[in-house]
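Student: Under my numbering, the sequence shown has 1528 at position 37, and the numbering climbs by one with no breaks.
By construction, the Cβ of each residue, glycine as well, lies at the ideal position given by its N, Cα and C atoms.
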Amino acid sequence: MKLPQAVETAPFAHLILDGALEPDELHNLQNAFSEEPRARLDGELYSHERGRSPPVHPALRAFCTNLAEQRGALSALFGLNLASEGMRSVDGAAYLYKPSDYLLPHSDKGDSRALAYVLYLSSCRGGELLLFDCVTSKSPITGKSEIVRTRPAKRIVPKPNRLVLFAVSEIALHQIREVTAGARASIAGWFYR
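1. Report yes if the C-beta distance between S1598 and H1665 is below 9 Å; otherwise report no.
2. Give me, in chain order, the residues of the same chain whose beta-carbon lies closer than 8 Å to that of N1688; leave out the 5 immediate sequence neighbours on both sides.
3. The alpha helix (DSSP H) spanning G1563 covers which residue range?
4. Cutting at 8 Å between CB atoms, please list the residues of its own chain near C1625, excluding the five before and the five after it.
5. In the DSSP assignment, what residue or residues form a beta bridge with L1621?
6. Out of A1672, R1684, E1669, R1653, which has the shortest C-alpha to C-alpha gap to P1514?
7. Is it true that the segment 1528 to 1535 meets the segment 1494 to 1508, where meeting means three or more beta-carbon pairs spaced less than 8 Å apart?
8. Mapping the DSSP letters down to three states, classify S1525 as helix, strand or coil.
9. How many whole angstroms separate the CB atoms of G1680 and A1574, which I take to be in contact at a CB cut-off of 8 Å?
10. Got a sec, what are the start and stop residues for the alpha helix (DSSP H) A1559 sits in?
11. For F1682, which of S1628, S1613, R1562 has the nearest alpha-carbon?
12. In terms of residue numbering, what span does the beta strand (DSSP E) encompassing P1596 cover?
13. What is the residue span of the beta strand (DSSP E) that L1587 lies within?
14. Please state if the CB of Y1611 and the CB of L1656 are separated by a distance shorter than 9 Å.
15. Taking its Cβ as the centre, do 16 or more other Cβ atoms sit within 10 Å of G1448, making it buried, or is it exposed?
16. Cβ of D1582 within 9 Å of Cβ of S1544?
17. According to DSSP, is L1517 helix, strand or coil?
18. Going along the chain, which residues of its own chain have a beta-carbon closer than 7 Å to the beta-carbon of S1700, five neighbours each way excluded?
19. Could you check whether P1590 and L1620 sit closer than 9 Å to each other, using their CB atoms as the reference points?
20. Express the C-alpha separation of C1555 and L1512 in angstroms, rounding to a whole number.
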């Protein structure tokens, strides 16, 4: 995997890498995905199927391990201090969004998450990853910075062999738009501090 020299900074630090894997690697992951056990999850913010973390299938687990080997380069590229080897550094799971599935706007902040990633294995209609531009203001009550306004700033279409990474923070709001046709298959997870 060849990483670019810089990340996009607006609305927050992110990277879109098309052709992330060799065609045979992608094909192997697509086959492995179809064999990966998943459970249906429905809540206030989401509706989708999710596999275990780490994945059960060896090929999916190997992808997560190989991605973890990019930790040093990604740390430098994003200006983050990602966890070193031997610690919980990267996780991942299989996700499947079918028609009417979605993930509402949220931040992944928590559990020492530093960098989110998603590798798309299929394309669909809908299911785009939206990145939001957030305006913050200091609360007169708490003195903490709060989000006071948002607007969709970037729409990333899911397509096979596209890897998306973005820095996790309180203002790195994102969502997965409702899938309207087909299925959005991906491997997604986080690098940790």
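Tutor: Taking the structure as given:
1. Yes, the pair counts as a contact, with Cβ atoms nearer than the cut-off.
2. Because the chain in this structure spans residues 1492 to 1684, residue 1688 falls outside the shown range and cannot be described.
3. 1562 to 1569
4. P1502, I1638, R1640, T1641, I1662, L1664
5. R1646, Q1666
6. R1653
7. no
8. helix
9. In fact, because the Cβ distance is near 13 Å, the residues do not count as touching under 8 Å.
10. Residues 1549 to 1559.
11. R1562
12. Here the beta strand (DSSP E) through P1596 covers 1593 to 1597.
13. Its beta strand (DSSP E) spans residues 1584 to 1588.
14. no
15. Because the chain in this structure spans residues 1492 to 1684, residue 1448 falls outside the shown range and cannot be described.
16. With contacts defined as CB atoms closer than 9 Å, D1582 and S1544 qualify as a contacting pair.
17. helix
18. Because residue 1700 is not part of the residues shown, which for the chain are 1492 to 1684, the question remains open.
19. no
20. Whole-angstrom Cα-Cα distance: 13 Å.
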